[in-house]
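Same order as they appear, the protein sequences are chains A and B.
Per the numbering used here, the very first residue in the first sequence carries number 5; after that it's consecutive.
Per the numbering used here, the very first residue in the second sequence carries number 5; after that it's consecutive.
Every residue, glycine too, gets a C-beta built ideally from N, C-alpha and C.
Note that the coordinates shown come from a computational prediction; the quantities given were computed from them, not determined experimentally.
Comments concern the structure below.
There are 2 protein chains.
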Amino acid sequence: MKLLEERILKDGLVKSGNVLKVDSFLNHQMDIALFQEMGKEWKRLFADVPVDRILTIEASGIGIAAVAAQYFNVPVVFAKKTQSINLDGSVYSTKIQSFTHQRVYDVIVSRKYLSPGDNVLIIDDFLANGCAVEGLLEIVETAGAKLSGVGIAIEKGFQDGGKRLRERGIKLESLAIIDSMDAESGSICFRNQ
Amino acid sequence: MKLLEERILKDGLVKSGNVLKVDSFLNHQMDIALFQEMGKEWKRLFADVPVDRILTIEASGIGIAAVAAQYFNVPVVFAKKTQSINLDGSVYSTKIQSFTHQRVYDVIVSRKYLSPGDNVLIIDDFLANGCAVEGLLEIVETAGAKLSGVGIAIEKGFQDGGKRLRERGIKLESLAIIDSMDAESGSICFRNQ
C-alpha cells in the first residue's frame with residue numbers, strides 16, 4: 005500500500021536491533037485518516053472471503069482493527085494480555101512471547117465472543133517473528149472458528165513470521181513489507197507487492 | 005444517550021462489588037456501530053470547544069477514541085501503562101491507581117505527541133473514582149496543553165470521580181450515568197440528563 009509505505013519512509017525511524025519506530029502515526033499517536041485508508045485496503049484485499057468478526061490483540065492492534073471493522077460491518081474482539089489469570093474455563097488462553105518486551109504473556113479471549121463457525125479476520129499492527137499472530141491462530145482453532153485471513157499493517161519481511169504463515173496456506177495481507185532496513189543510513193527497502 | 009443506556013440495560017451485567025460487565029459490546033468485544041453513534045454524540049456535545057487531539061489510555065479507551073476521532077478529524081494519542089520505565093525525559097509520566105486490578109501503573113505519553121497549546125479532549129470508557137482521568141489531566145497540565153473536556157462512555161455516578169471533575173469546572177460529558185445498580189435484582193438506574 006503506497007500510502008503506508010510513503011508514511012513509513014516519511015515518519016518511521018529505524019533504530020538499531022531491527023527496531024522500526026512508527027509511534028508518531030501507528031502505535032502511540034494514531035493517524036485515524038490513515039487507518040481508514042488501511043481499513044478500505046484490507047476490505048478490498050479480503051473482499052472474497054467471509055468475515056464475521058475481527059480479532060486483534062491489545063494494545064496497538066485495537067485502534068486499527070476498530071477503524072477497519074467499519075468497512076466490514078463486523079464487531080472486533082481484542083485478546084487481553086494478562087500476567088495472572090484464573091483459568092476458570094470461561095476463556096480461551098495461550099501464551100505469547102513478546103520480542104519487544106522480552107517476556108511471556110498469557111493472552112485470553114472470552115469463550116462468549118468466539119464461536120465455532122465464526123469467520124475470523126485477524127488484524128494487527130506488526131508481524132515479525134509471528135508469535136502474536138500464531139497465538140491468536142491457536143485461539144481461533146481452539147474455538148473451532150474459521151480463519152478468513154490475517155491483515156497486518158507492517159511486516160518485517162526479513163524475519164520469518166510471514167513466511168511461516170504463508171507456508172501454512174494462510175491468506176496473509178501485509179500492507180507494507182520491509183525487506184531490509186538500516187539504522188545507520190535510515191534506509192528502508194520495501195518488497196514489491 | 006438513549007442508545008447506550010438501552011444497550012447497557014440489554015447486555016450489561018451487574019456483579020457484586022459495584023461491578024458492571026459490558027464486555028460484550030464495549031471493552032472486550034467492541035460494537036463499532038455503537039462506537040460511531042457515541043462518537044457523533046461527543047462531537048455534538050463538544051461542538052463549541054476546539055479539539056486538536058484526543059487523549060485516551062490503553063487498552064479499553066483506544067477503540068472508542070479511534071472511532072470517535074473520525075468525527076473530530078484529529079489524531080488520537082493513547083497513554084501507555086507500564087511497570088518498568090526508564091524515565092529518560094522523553095515522556096510525561098504519572099501514576100494511576102487501578103481500582104479494578106488493585107495496583108498502581110506508571111502511565112506515560114511521549115512529549116512528542118502533546119504540546120503546549122494543544123486543545124485536548126480526553127476520552128475513556130469508564131469513570132468511577134476518576135483516578136485514570138485525573139492521571140491524564142495531570143499529563144495534559146504538565147504538557148502545558150489545554151483541556152477541552154472529558155468524554156466518558158459510562159460514569160458510575162455513585163462514585164465521586166465525576167463530581168470531583170465537575171467541581172473543578174471541567175466540561176465532562178458522560179453518555180450514560182448510572183446512579184445506582186443492584187447485583188441481586190440486576191437493576192440499573194440512570195441519571196436523567
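Under the three-state reduction of DSSP, Gly134 (chain A) is assigned to coil, being neither helix nor strand. Going by DSSP, Met42 (chain B) is part of the alpha helix (DSSP H) stretching over Ile36 to Leu49. DSSP places Glu159 (chain A) inside the beta strand (DSSP E), whose first and last residues are Lys150 to Lys160. Cβ-Cβ distances below 6 Å link Leu118 (chain A) to Ala147 and Ala149 in the same chain, with the five nearest sequence neighbours on each side left out; the list follows chain order. In the same chain as Thr98 (chain B), and ignoring 5 residues on each side of it, the C-beta atoms closer than 7 Å to its own belong to Val111, Gly139, Glu142 and Ile143, in chain order. Within chain A, the residues whose beta carbon sits less than 7 Å from that of Ala73 (chain B) are Ile36, listed in sequence order. Apart from the 5 residues on each side of it in sequence, Phe29 (chain B) sits with its Cβ closer than 7 Å to the Cβ of Arg11, Asp15, Asp35 and Leu38 in its chain, given in chain order. One alpha carbon belongs to Ser64 (chain A), the other to Arg115 (chain A), and they sit about 22 Å apart. Just measuring C-alpha positions, the residue of A:His32, A:Gly21, A:Glu41 and A:Asp27 sitting nearest Phe82 (chain B) is A:His32. Contact check between the segment 20 to 27 of chain A and the segment 54 to 61 of chain B: fewer than three CB pairs, one atom from each, fall below 8 Å, which does not count as touching. Distance from the Cα of Glu9 (chain B) is smallest, within the candidate group B:Cys135, B:Tyr75, B:Lys160 and B:Glu171, for B:Lys160. A Cβ-Cβ contact shorter than 8 Å links Asn123 (chain A) with Asp56 (chain A). Between the beta-carbon of Gly93 (chain B) and that of Leu125 (chain B) there is about 26 Å, and that puts the pair past the 8 Å contact cut.
The beta-carbon distance between Ile174 (chain B) and Phe130 (chain B), rounded to whole angstroms, is 17 Å. This is too long to meet the 8 Å contact definition. At a C-beta separation below 9 Å, Gln197 (chain A) has no neighbours in chain B, since its nearest C-beta there lies roughly 26 Å away. Closer than 8 Å at the C-beta level to chain A, one finds these residues of the segment 54 to 67 of chain B: Glu62, Ala63, Ile66 and Gly67. In the three-state reduction of the DSSP assignment, Ser97 (chain B) falls in the strand class, which pools E and B. Between Gln40 (chain B) and the set A:Cys193, A:Ile100 and A:Ala70, the nearest pair of CA atoms involves A:Ala70.
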